[in-house]
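**Student:** When we follow the working numbering, the leftmost residue of the sequence shown carries the number 829, and every step to the right adds one. All residues carry an ideal CB built from backbone N, CA and C; glycine is no exception.
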Amino acid sequence: MRYHIPTPCHENWDKMSPTVQGRFCSLCSKTVVDFTRMSDEEVLNYFANHKNENICGRIKKQPQLPEITIHIPASTIHRRYNYFQTFLLALLLSFGLLLTGFTGEKTHAEFALENTNSIAAVDSPPPAIELPYPDPTEEIILGKMMILPAYPGGEEARIKFVDEKLTSLDLSSYADSLPRKVLTHFYLDSTGKATNAKIINGGLDSAFNHQIINIIYAMPLWDMADIHSSRIPIKLSMPIKILRKE
């Protein structure tokens, strides 16, 4: 399970007053829930039970997915489809749902499910209690959080979908010029539809770019989940690096 952090917070966790659920932030006048001690199921249940509230929490920093490197035999890249199937499958594996909200800094990551039709009540400062909070080995971030959407049917369904789309592509003219690295960005709107897809790096001519982007647009609606109430489009990124093995 991965999280989206639209607005990182830099408040000092250690200076907050301990509470049963986490700590109390005097700046925001609300409790910051400590999710670092919860399982994925417990986090999901918490959000499901508080989906009409703005939730501020503390989580373990989730690293960006690593860049995928694929070694392609030289004999393969001259075939009409096989090379591109490998290319796009790798593209899928790196589909990883990278979000620009992640940074390399230690931040105060806020997670939020926002309901624009309601006003969240301000918490009253709870009585301070002494709880042991050992320093975790992972980086910790605090702020507003939302859980990322999922492709319908999971990863296998996404791979199958792209494989089927590949049969209609003709990329034989690019066999010797396919880029070593391609980076594509797109957005998911509140319905789960992919929009505003672009090849940021590694694009070729308009015909090549158009075929890649059309696969993104043809995807079915992503599952935004009941707990995902944000109206802000979510930006996703998929990187791929290709090395030719001579």
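So who's on the other strand from Gly850, going by DSSP bridges?
**Tutor:** The residue labelled residue 850 in the question sits at position 22 within the sequence shown. Partner(s): Val861.
**Student:** If you draw a straight line from the C-alpha of Trp841 to the C-alpha of Arg865, how long is it?
**Tutor:** For this step, residue 841 is matched to residue 13 along the sequence shown. For this step, residue 865 is matched to residue 37 along the sequence shown. So the two alpha carbons sit approximately 15 Å from each other.
**Student:** Who pairs with Ile1041 in a beta bridge, going by DSSP?
**Tutor:** Locating residue 1041 in the sequence shown gives position 213, where the first residue counts as 1. Paired residue(s): none; Ile1041 is not in a bridge.
**Student:** Going by C-alpha to C-alpha distance, which of His1038, Gln849 and Leu1064 sits closest to Gly977?
**Tutor:** Your numbering for residue 977 matches position 149 in the sequence shown. Checking the displayed sequence, the identity of residue 977 turns out to be Pro instead of Gly. Of His1038, Gln849 and Leu1064, the residue nearest in Cα terms is Leu1064.
**Student:** Should Ile987 and Leu1011 be called a contact, given that it needs their Cβ atoms to be closer than 9 Å?
**Tutor:** Within the sequence shown, numbered from 1, the residue matching residue 987 stands at position 159. Within the sequence shown, numbered from 1, the residue matching residue 1011 stands at position 183. Cβ atoms of Ile987 and Leu1011: not closer than 9 Å.
**Student:** If you follow the beta strand (DSSP E) that Ala1022 is part of, which residue opens it and which one closes it?
**Tutor:** Within the sequence shown, the letter at position 194 stands for residue 1022. Segment Ala1022 to Asn1029, the beta strand (DSSP E) holding Ala1022.
**Student:** What's the C-alpha gap between Gln1039 and Ala1025?
**Tutor:** In the sequence shown, counting from the first residue as 1, residue 1039 sits at position 211. In the sequence shown, counting from the first residue as 1, residue 1025 sits at position 197. Taking the straight line joining both Cα atoms gives about 12 Å.
**Student:** Run the CB neighbour count on Val861, radius 10 Å, all protein chains shown included, and call it buried at 16 or more, exposed below.
**Tutor:** Walking along the sequence shown from the start, residue 861 turns up at place 33. The residue in question, Val861, is buried, as its Cβ has 16 or more Cβ neighbours within 10 Å.
**Student:** Can you tell me the Cβ-Cβ gap for Pro980 and Asp1051, rounded? I've got them flagged as a contact below 8 Å.
**Tutor:** Stepping through the sequence shown from its first residue, residue 980 is reached at position 152. Stepping through the sequence shown from its first residue, residue 1051 is reached at position 223. Right, the Cβ-Cβ distance comes to about 6 Å (below 8 Å), so this counts as a contact.
**Student:** Which class does Leu1032 belong to by DSSP, given the choice of helix, strand or coil?
**Tutor:** Stepping through the sequence shown from its first residue, residue 1032 is reached at position 204. Of the three classes helix, strand and coil, the one that applies to Leu1032 here is coil, per DSSP.
**Student:** Straight-line CA distance for Ala876 to Cys884?
**Tutor:** Mapped onto the sequence shown, residue 876 falls at position 48. Mapped onto the sequence shown, residue 884 falls at position 56. If I take the Cα positions, the gap works out to 14 Å.
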